[in-house]
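For the sequence shown, this note's numbering assigns the number 268 to the initial residue and increments by one for each residue that follows. Glycine is no exception: its CB is placed at the ideal position from the N, C-alpha and C atoms. One structure below.
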Amino acid sequence: MKLITGQSKVELAQQLATGLSIPLTHLALKRCDNGESLARVDENLVFKEQIVIAHVLEKPVDSSLMDLLLIIDAVKSAQPESLALILPCYPYSRQDHPTPDSTGSAAKLVMRLLAAAGIDKLITVDMHRPDTLKNAPFKVCEVSPIPLFAKKVLAKMSSALIVAPDQGAIHRAKALADCIKTDWTFLTKQRLENGDIVMGSLTRGVEGRDCILVDDIIDSGKTLFRATDYLLANGAHQIDAFVTHGVFGHGCLDRLTKSTLKSLTITNTLDLDPGILEHPKISCVDIASILAKNKKNLFFL
C-alpha cells in the first residue's frame, strides 16, 4: 500500500504515513499561467498496487477540490488495485439538500465527481449529516473524533454536562456523553432570515454545571457563542467547546476573543492558518491517530 499527497503542506499526510507505517509519495501539482493545474506522478506506481490519497482542503475550497480531482485522475491512470481517498473534511457538506437559496445539492454533486474520478473508497471525518452519502457509488467510512475529544474531557472535565447547540448535533453530544459516562442535553435554535440566531429552550437544568458544547463545524461561530451566552444566562458555571472542523469564517476569531466561551478544541481536518492555532482560546487535537488506528478496516476494501 502507498500513501500519496499532492499538497505543499503535508503535515497530516506525513503523520498518517508514520502511523500506517507506509511510505509517503509526493505527486507534482503545477499551477499554469492560465490558472489551470497539472498533476503528474513523478514516482513509478506499481501496477495493481493499493493506493491511498490524502487531501486536506485548503482555501479556496473550489480550487482545492479541482486539484484533488486531477490528483485522483493522475493516480487512476496507473491502474491501481484499489484507490482510497482520505478527505478529512468533506466539502459542501452543509449543502446536502435544496434550500431557498439553492435548488441543488452540492454535497451530492461532489459525491458524483469523486465517483467519476474513480475512487473506490472514501474515508472522511464527522459528516454534517450522517446520511448524506448513504447512496454513494463507492464505499464510505466515516471516522468520529469523539474518542479524541473524550480523552481530553476525561483529563479535565469528566463531570461536565455535554450540550448539543442544536438538534443536528444531538448524536454527537450523546456519543461524547456515553464515552465519558455523563449526562447530556440539547438546545433548540432558530436561524432568522438576516442570519441571526435565536436560542430556544433547554431540556435539562444547567445551573452550577460546567458545560461542554460539541458540534461538527465552526464557521461564523454564532451558534456556539449564542449557545454559550444562553447557558451562562441559565446558571451554567463555565463553557468549553469541542468542534471537529475549524472553518473560521470572516469575523469568527474576533467573536471568539470577545465571547464568554472559555476554550475551543478543534481538529486538524482542515488547513489552518498559524494565527488560528496561536489564539489563546484554541487548541488542536491530531486526527491522524484515529485515521491510522485501524488500518485494515479503514483502507482495505
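Only counting the same chain, and skipping five residues up and downstream in sequence, which positions put a Cβ closer than 6 Å to that of residue i?
{"i": "P404", "result": "A382"}
{"i": "R439", "result": "V481"}
{"i": "E325", "result": "S331 and D538"}
{"i": "S501", "result": "Correcting the residue type first, residue 501 is Asn in the shown sequence and not Ser. Once the five neighbours on either side are set aside, the close Cβ partners of N501 are V473."}
{"i": "H395", "result": "S360, R361 and D483"}
{"i": "A345", "result": "L312"}
{"i": "A442", "result": "I413"}
{"i": "C356", "result": "L324, H512, T536 and L537"}
{"i": "T534", "result": "P412, T511, V552 and I554"}
{"i": "V420", "result": "I447"}
{"i": "Q317", "result": "M268, E348 and S349"}
Determine the direct distance from the alpha carbon of residue j to that of residue i, and round the result to whole angstroms.
{"i": "D521", "j": "I549", "result": "13 Å"}
{"i": "K418", "j": "C446", "result": "9 Å"}
{"i": "T527", "j": "F492", "result": "8 Å"}
{"i": "V514", "j": "P541", "result": "13 Å"}
{"i": "H517", "j": "I543", "result": "12 Å"}
{"i": "P328", "j": "S426", "result": "Reading off the sequence, residue 328 comes out as Val, not Pro. Going by the C-alpha atoms only, they are around 39 Å apart."}
{"i": "L350", "j": "L498", "result": "46 Å"}
{"i": "K560", "j": "L539", "result": "23 Å"}
{"i": "S288", "j": "D496", "result": "45 Å"}
{"i": "W451", "j": "D300", "result": "54 Å"}
{"i": "L407", "j": "D393", "result": "Just to set this straight, residue 407 is Val in the shown sequence, not Leu. One C-alpha to the other measures close to 12 Å."}
{"i": "A436", "j": "N311", "result": "44 Å"}
{"i": "S487", "j": "L523", "result": "10 Å"}
{"i": "H512", "j": "P547", "result": "18 Å"}
{"i": "S372", "j": "M268", "result": "34 Å"}
{"i": "L459", "j": "I485", "result": "18 Å"}
{"i": "N402", "j": "F416", "result": "29 Å"}
{"i": "A444", "j": "I429", "result": "6 Å"}
{"i": "A217", "j": "T449", "result": "For residue 217 there is no data in the structure shown, the boundaries of the chain being 268 and 568."}
{"i": "G273", "j": "R307", "result": "9 Å"}
{"i": "E545", "j": "L380", "result": "36 Å"}
{"i": "G302", "j": "L270", "result": "27 Å"}
{"i": "Q505", "j": "C519", "result": "20 Å"}
{"i": "K276", "j": "R298", "result": "16 Å"}
Are there any heavy atoms of the ligand ADP lying less than 6 Å away from the beta-carbon of residue i, as far as the coordinates show?
{"i": "T272", "result": "This structure lacks the ligand ADP, and indeed carries no ligand of any kind."}
Might you give, ordered along the chain, the residues of its own chain that have their beta carbon closer than 8 Å to the beta carbon of residue i, omitting 5 neighbours on each side?
{"i": "K375", "result": "D363 and T399"}
{"i": "D463", "result": "K489"}
{"i": "Q434", "result": "F453, T455 and K456"}
{"i": "M424", "result": "D477, I479 and D507"}
According to DSSP, which residues form a beta bridge with residue i?
{"i": "F209", "result": "Residue 209 lies beyond the stretch modelled for the chain, which goes from 268 to 568, so this question has no answer here."}
{"i": "M466", "result": "K456"}
{"i": "S349", "result": "Q317"}
{"i": "R307", "result": "A295"}
{"i": "C551", "result": "I533"}
{"i": "T449", "result": "Answer is none; T449 lacks a bridge partner."}
{"i": "E409", "result": "T391"}
My understanding is that residue i touches residue j, with C-beta atoms under 8 Å, so please give their C-beta distance in whole angstroms.
{"i": "K315", "j": "P347", "result": "7 Å"}
{"i": "L296", "j": "D334", "result": "6 Å"}
{"i": "A422", "j": "L454", "result": "Between L454 and A422 the Cβ distance is about 26 Å, and since that is not below 8 Å, they are no contact."}
{"i": "I386", "j": "L558", "result": "Not quite, the Cβ-Cβ distance comes to about 16 Å (not below 8 Å), so this is no contact."}
{"i": "P358", "j": "V377", "result": "6 Å"}
{"i": "K529", "j": "D507", "result": "5 Å"}
{"i": "A284", "j": "L294", "result": "No, A284 and L294 are not in contact; Cβ-Cβ is about 14 Å, not under 8 Å."}
{"i": "F509", "j": "T536", "result": "About 13 Å; that fails the 8 Å criterion."}
{"i": "A384", "j": "L305", "result": "About 16 Å; that fails the 8 Å criterion."}
Using C-beta distances below 7 Å, list every residue in its chain close to residue i, excluding the 5 sequence neighbours before and after it, in chain order.
{"i": "Q281", "result": "L291"}
Would a check of beta-carbon distances place residue i closer than 7 Å to chain B?
{"i": "M424", "result": "In the displayed structure, chain B is absent; only one protein chain is listed."}
With three or more beta-carbon pairs closer than 8 Å as the criterion, would you say the region 545-560 touches the region 397-413? Yes, the region 545-560 is in contact with the region 397-413.
Validate contact between the region 462-475 and the region 333-340 using beta carbons, cut 8 Å, 3 pairs: no
Given 8 Å, three or more beta-carbon pairs between the region 311-330 and the region 472-480: no
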